[in-house]
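Here the structure is laid out as structure tokens; the discussion comes afterwards.
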Amino acid sequence: MVKLGISIGDLSFKNPVMTASGTFGNGIEFDDFFDVSRLGGIFLKGTTLEAREGNPYPRMAETPSGMLNAVGLQNKGIDYFEQIIYPHVSQYDTNVIVNINGSYIDDYILLAERINKLDRIPAAELNISCPNVKMGGMAFGTNPVTAREVIREVRKVYHKKLIVKLSPNVTNITEFALIAEEEGADSVSLVNTLLAMAIDAGKMKPSLSTLTGGLSGPAIKPIALRMVWQVANAVRIPVIGMGGIMTATDAIEFLLAGATAIQVGTASFIDPMAPVKIVEGIESYLSEKGISDIGEIIGYINRKTS
Amino acid sequence: MVKLGISIGDLSFKNPVMTASGTFGNGIEFDDFFDVSRLGGIFLKGTTLEAREGNPYPRMAETPSGMLNAVGLQNKGIDYFEQIIYPHVSQYDTNVIVNINGSYIDDYILLAERINKLDRIPAAELNISCPNVKMGGMAFGTNPVTAREVIREVRKVYHKKLIVKLSPNVTNITEFALIAEEEGADSVSLVNTLLAMAIDAGKMKPSLSTLTGGLSGPAIKPIALRMVWQVANAVRIPVIGMGGIMTATDAIEFLLAGATAIQVGTASFIDPMAPVKIVEGIESYLSEKGISDIGEIIGYINRKTS
Amino acid sequence: MGKRTEDLRIIENKHLGQDFFILELAGSSKITDFKPGQFVQVKIEGSQDTFLRRPISIYDIDYERNTFKLFIQIVGKGSAALSKLKSGDSLNLIYPLGNYFTLPGEYEKCLLIGGGVGIAPLLFLGKVMNSNGSLPDMLLGFRNSDRIFELDKFRKVGNVFITTEDGSAGEKGFVTGHSILSEKKYDRIYCCGPEPMMKAVASYCKINSILCEVSLENLMACGFGVCLCCIAETVRGNLCSCTDGPIFNVNDLKW
Amino acid sequence: MGKRTEDLRIIENKHLGQDFFILELAGSSKITDFKPGQFVQVKIEGSQDTFLRRPISIYDIDYERNTFKLFIQIVGKGSAALSKLKSGDSLNLIYPLGNYFTLPGEYEKCLLIGGGVGIAPLLFLGKVMNSNGSLPDMLLGFRNSDRIFELDKFRKVGNVFITTEDGSAGEKGFVTGHSILSEKKYDRIYCCGPEPMMKAVASYCKINSILCEVSLENLMACGFGVCLCCIAETVRGNLCSCTDGPIFNVNDLKW
Ligand SMILES: Cc1cc2nc3c(=O)[nH]c(=O)nc-3n(C[C@H](O)[C@H](O)[C@H](O)COP(=O)(O)OP(=O)(O)OC[C@H]3O[C@@H](n4cnc5c(N)ncnc54)[C@H](O)[C@@H]3O)c2cc1C
Ligand SMILES: Cc1cc2nc3c(=O)[nH]c(=O)nc-3n(C[C@H](O)[C@H](O)[C@H](O)COP(=O)(O)OP(=O)(O)OC[C@H]3O[C@@H](n4cnc5c(N)ncnc54)[C@H](O)[C@@H]3O)c2cc1C
Ligand SMILES: Cc1cc2nc3c(=O)[nH]c(=O)nc-3n(C[C@H](O)[C@H](O)[C@H](O)COP(=O)(O)O)c2cc1C
Ligand SMILES: Cc1cc2nc3c(=O)[nH]c(=O)nc-3n(C[C@H](O)[C@H](O)[C@H](O)COP(=O)(O)O)c2cc1C
Ligand code: FES
Ligand code: FES
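Here the protein sequences come in this chain order: A, B, C and D. Here the first sequence is numbered in our numbering, starting from 895 and rising by one per residue. Here the second sequence is numbered in our numbering, starting from 895 and rising by one per residue. Here the third sequence is numbered in our numbering, starting from 66 and rising by one per residue. Here the fourth sequence is numbered in our numbering, starting from 66 and rising by one per residue.
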């Protein structure tokens, strides 16, 4: 038997495969397809204090090996979450993690306090990298000063595992990872989507109502992999890698680069079974290579070349 | 007849389709395929003062809708250029533009002085964005201070059209475009490749000898398009757009976003006729839409939405 | 049975002429849970530029043979790739997806209005109505007579009326101009077609206080309610057209 | 005629068993300018993950019918997609590319060494030698007898010797261990196969002062000398294996 378990501090995960926020709904939508409890963890759709309607339609454009989205954090707010979603997701036998968002630092703090009280939520992902909102989001995560401030304030009130989700839209992503580490984050996750644009030449206008949106999918995998590799070599806290992971092979590339765990995002749209297939694929890969513990491949290429 | 001509200052181009440096050799390699003089201009392979061997093999990896390269500016140096390449490319009836590179500012200056003397070279592209060299390249182009310095010094000695090639590996690309404009550049071209990585899961090692390389091809088109749009809205000098242009439709998207001209890069590897097919495709598009002058579509989406 | 993802075998790919074709697929599980108005998400293999699945309505069902059909128009890369499939090839689907048309009460008079490829979900709807003992009227609009296919099928499930934009078949003009609308009174209208047509039908229904459901064709990334890309603006806020739709009562839409 | 890019029609796709197949293509222009050792760049359609072309050697030519063949092993996505092509399908190529084997002088004794799918360029080379009046020896190495195909073709152009790693055909072991090498003296050896094999052959040749040319299989992005990705390290610096190669004299390589 291959050992697939990993951990972030004292929080353990049965395997390194999780789902990316905003691409897995609240898990419930996948109940028909597979047993969600087989995953290492699930990251729920980005939540804000108040309910939000998101951006106008159209919010999506297909691009070569990827897609743009400009959803803009549509969600029903924390009250609805506590009353309706929480009871359901509490039944999963896996780590259920909330992705928290705000326009102002105070929003993040208030939300973190609420999430902190929920017993069955062992961790929160601090999203300072959403490119699709007018206020907050990526604006926090691409400026070292505001990034530090929001992480520091949230850390004060949030006492479980704090994962900071980094933006790839920066010159030097390790700078932001180091800030997260310095401010006491337990982990960093990366990457969020890349700010991008699509234009319909026939109609002579932008494809999205918001003009720009976030690029995800295999197109960004080489960029995400580079950033995960850079960050894993710069910080000591565990790194959760994502960006274009479609198959177990893709996931293994991120682990080899230094990610302790990975998130499956856009892949779930095309194959709702992708996350669980990736768990199985990683297991076969390790068996075939005669590797008994997933820990042996995490950061393997860095041990070899340094 | 549709008017396809555009200009950068007083330098005119018969159409907006050019070729990206490093993807078109010195033009000569395309003589078998089509009449290179049909293009608006050609940007030759990156040149340095001295001859360079570039990076060790392997230098290339295929990625979803794209590729990584880590060539590292292999070229035969400026002496060879003047003696062997220049006489040949001088015969083309199009604008032949040299892409200049260096490890230190002095290298750029010395090279720019040499290029300045070549009658048949009406413009130079200052490459401060190569991600594949240990010194110079992207290091200049991702730091506002050094970027300004190298542009300023080259501008002093180079008296023809100076085009500054920008790196997409920055938080805010308009900052660099504005610096180029302030320092007297005649145009900016963008984007160069995105710093990225590929790992061979089977062999458990990085695919490139240099670990990281530059991502090009359709995968990056949405990011490039967003940056071109941002820059075109920020500067007054003409913008030359590129990144993943495979077809005339792609080229038109860049023009609509605000590019005055475009460069075809990686596409030429897959279809050596791509640049000339794009000239033809743009012409048909304009005819079908009943547009008589290419100028009408340049920046069209900005006029409409602002 | 719930939503599922499966490789299904293509039994026939029937090219109808112009840009239309019909794929018949062999259900691997029992398909008795399909409801009219629902759709499938088709994975496109063998096309370098299609990353996402494509939503296609369920056009027809054969419960005995456990097969069903998709009626598709070639409009781009994905549909073009699908048109090249041959019998025996396999196709990966996520299905059945979406909500479904509300069936009429026993004595309600119904009109099904379709435009172009938008006629697709109406055949299945008509058949279900038949099995409930009613014979709906069907008003089908086309650009011209060359683009009319499968009429015999529709004639079996209802009384068919036609409009064409150029008058080459049926009445000339758009569906909303057809004489049947002034001659008959309907309790319910079901509509699927280009957005301008559905909006025109919706406003006709509102004015005349007719219950009206339309099938939206919003762009979709997932098709099962997780990406939130396919939203329709409704009086109850932004709703997913893949789970809360594709069928909407026009009174709910902010049209 | 120079390099060109064209859509060619597939006349036959012959599956040989294991992972090997042969595509026969109808030349649209005259193919009399092909030289042994040259290759084509094949565009892969219908495979979502193959962006770049794939380089494949010219295996055989039929001047009368103006057709030529490619001998391909399925090793990944691109070759797998090619294996599914059918006669009548079209394939886009850039060709002919690369330099070519240096032909021997009139009285020189030659050995052609191929390993696995590396035998591909040697048949064409052998045929050209035949037409110059010489009958080369051919030493072909395989993993096992199940992976030996087309031997009849090779027997027509030269004296064929075989090795297999498991001894299931010919002599057991690697090509460099074959008895022919100790029994006969050659003036020239031409070699194509896995890199370790070519390196072993190269060192044998250097020790025995035999002229040796190998065909490299470096990763290529363009195939016609513009990307500088396919370089081989040589005594004259980094050279493109797509234009200065794929054929190199081993004395030029930094092996
Ligand atoms: C619930 C639902 C049911 C559908 N049922 C059917 C059906 O039964 N038969 C059928 O032929 N089609 C149906 N469609 C539409 C079908 O999904 C699209 O035609 C298809 O996705 C186009 O894919 P493509 O790759 O061929 O075109 P693309 O290359 O993706 O696009 C070609 C052009 O069509 C436009 N386009 C693509 N999809 C849409 C859309 N959904 N709305 C508006 N414009 C679009 C694009 O912007 C582009 O201009 C349905 C759509 C939905 C949402
Ligand atoms: C000049 C030249 C002539 C060739 N002639 C032939 C021929 O006649 N018949 C034939 O079957 N093949 C030939 N090859 C090799 C052929 O190009 C590759 O097998 C093919 O590109 C693999 O594509 P794929 O998509 O099937 O594999 P991929 O999915 O791209 O790769 C599968 C695996 O093979 C490895 N790989 C792919 N290409 C190469 C390579 N060039 N060198 C080392 N490893 C590689 C990859 O790293 C990966 O591990 C030739 C190559 C060159 C450069
Ligand atoms: C439709 C969509 C919605 C998303 N919503 C969120 C979100 O609410 N919060 C968040 O942190 N990231 C969100 N993301 C980003 C993903 O979690 C992930 O970081 C990104 O898509 C890259 O991974 P991928 O390429 O595997 O999809 C969203 C992505 C998509 C495609
Ligand atoms: C193999 C290769 C070599 C390149 N060499 C150079 C170079 O020498 N100088 C330069 O400015 N850009 C170089 N580039 C970058 C291209 O000019 C272009 O900016 C980039 O590839 C994006 O465009 P594309 O996606 O159309 O290829 C190179 C790109 C590739 C793929
Ligand atoms: S298409 Fe994803 S939620 Fe509807
Ligand atoms: S493959 Fe591009 S130079 Fe050889």
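The beta carbon of each residue, even a glycine, is placed where N, CA and C say it ideally should be. Predicted, not measured: the structure shown is a model, and the values here were computed from it.
Residue i and residue j: beta carbons closer than 8 Å?
i: C/M203; j: C/N224; result: yes
i: B/L1060; j: B/V1085; result: yes
i: B/L1102; j: A/I1117; result: no
i: D/Q113; j: C/Q113; result: yes
i: D/Y251; j: D/K319; result: no
i: D/V240; j: D/M263; result: no
i: D/L90; j: D/F136; result: no
i: B/A1113; j: A/A1113; result: yes
Could you list which residues in chain C have their beta carbon closer than 9 Å to that of residue i, in chain order?
i: D/Q113; result: I109, E110, G111, S112, Q113, D114, T115 and F116
i: A/D926; result: M66, G67, K68, R69 and F289
i: A/E923; result: K68, C287, F289, G290, V291 and T308
Rounded to the nearest angstrom, what separates residue i and residue j at their Cα positions?
i: D/L117; j: D/A286; result: 6 Å
i: A/T1068; j: D/F166; result: 51 Å
i: B/A955; j: B/N949; result: 14 Å
i: B/E947; j: B/K1097; result: 27 Å
i: A/H1053; j: B/Y951; result: 49 Å
i: A/S1200; j: A/I1192; result: In this predicted model, A/S1200 has a pLDDT of only 45, less than 50, meaning its place in the structure is not dependable; the value taken from the coordinates is given anyway. Going from the Cα of A/S1200 to the Cα of A/I1192 covers about 14 Å.
i: A/G1031; j: A/I1015; result: 22 Å
i: A/S1178; j: A/A1161; result: 20 Å
i: A/T1141; j: D/G183; result: 31 Å
i: B/Y980; j: B/E1019; result: 16 Å
i: A/A1079; j: A/A1017; result: 11 Å
i: D/G111; j: A/G1138; result: 21 Å
i: C/I6; j: C/V315; result: Because residue 6 of chain C is not part of the residues shown, which for chain C are 66 to 320, the question remains open.
i: A/V1125; j: D/I213; result: 49 Å
i: C/E171; j: C/R253; result: 12 Å
i: A/S1181; j: D/L284; result: 30 Å
i: B/V1064; j: B/H982; result: 37 Å
What residues of chain B sit near residue i, judged by a beta carbon separation below 8 Å?
i: A/P950; result: In chain order: nothing, as chain B lies at least about 14 Å away.
i: A/R1120; result: L1089, A1090, M1091 and T1106
i: A/G1138; result: P958
Under 9 Å Cβ-Cβ, which residues of chain B neighbour residue i?
i: A/G960; result: P958, S959, A1113 and P1116
i: A/M1098; result: I1146, L1150, K1183, I1191, Y1194, I1195 and K1198
Residues of chain A with CB closer than 7 Å to the CB of residue i, please, in chain order.
i: B/E1147; result: I1093 and A1095
i: C/G198; result: What C/G198 touches in chain A: nothing, since even the nearest Cβ is about 33 Å away.
List, in chain order, every chain B residue whose beta-carbon is nearer than 7 Å to that of residue i.
i: D/L284; result: P952 and M954
i: D/G302; result: E947
i: D/I159; result: P1166
Closer than 8 Å by beta-carbon distance: list the chain D residues that pair up with residue i, in chain order.
i: B/G919; result: G290 and V291
i: B/V965; result: C292, L293 and C294
i: B/S1162; result: C287 and V291
Anything in chain A within Cβ reach of residue i, meaning under 8 Å, just list it in chain order.
i: B/N1063; result: T1065
Near ligand 6, which residues have their beta-carbon less than 6 Å from any of its heavy atoms, given in chain order? Counting every residue whose Cβ lies closer than 6 Å to a heavy atom of ligand 6, we get D/M285, D/A286, D/C287, D/G288, D/G290, D/V291, D/C292, D/L293, D/C294, D/C295, D/C305 and D/C307.
Could you check whether the region 922-930 of chain B touches the region 1129-1146 of chain B, counting it as contact only if at least three pairs of C-beta atoms, one from each stretch, sit closer than 8 Å? Taking 8 Å as the limit for Cβ pairs, the verdict is that the region 1129-1146 of chain B does not touch the region 922-930 of chain B.
Stretch pair the region 136-156 of chain D + the region 71-79 of chain D: three plus CB contacts closer than 8 Å: Yes: at least three Cβ pairs fall under 8 Å.
If you pair each beta-carbon of the region 291-309 of chain D with each one of the region 958-973 of chain B, do three or more pairs fall below 8 Å? Three or more beta-carbon pairs drawn from the region 291-309 of chain D and the region 958-973 of chain B are found closer than 8 Å, and the two stretches are therefore classed as touching.
When the Cβ atoms of the region 1137-1154 of chain A are set against those of the region 1143-1157 of chain B, are three or more pairs found closer than 8 Å? Because the criterion of three Cβ pairs below 8 Å is not met, the region 1137-1154 of chain A and the region 1143-1157 of chain B do not touch.
Any 3 or more C-beta pairs closer than 8 Å across the region 84-99 of chain C and the region 118-133 of chain C: Short answer: they touch.
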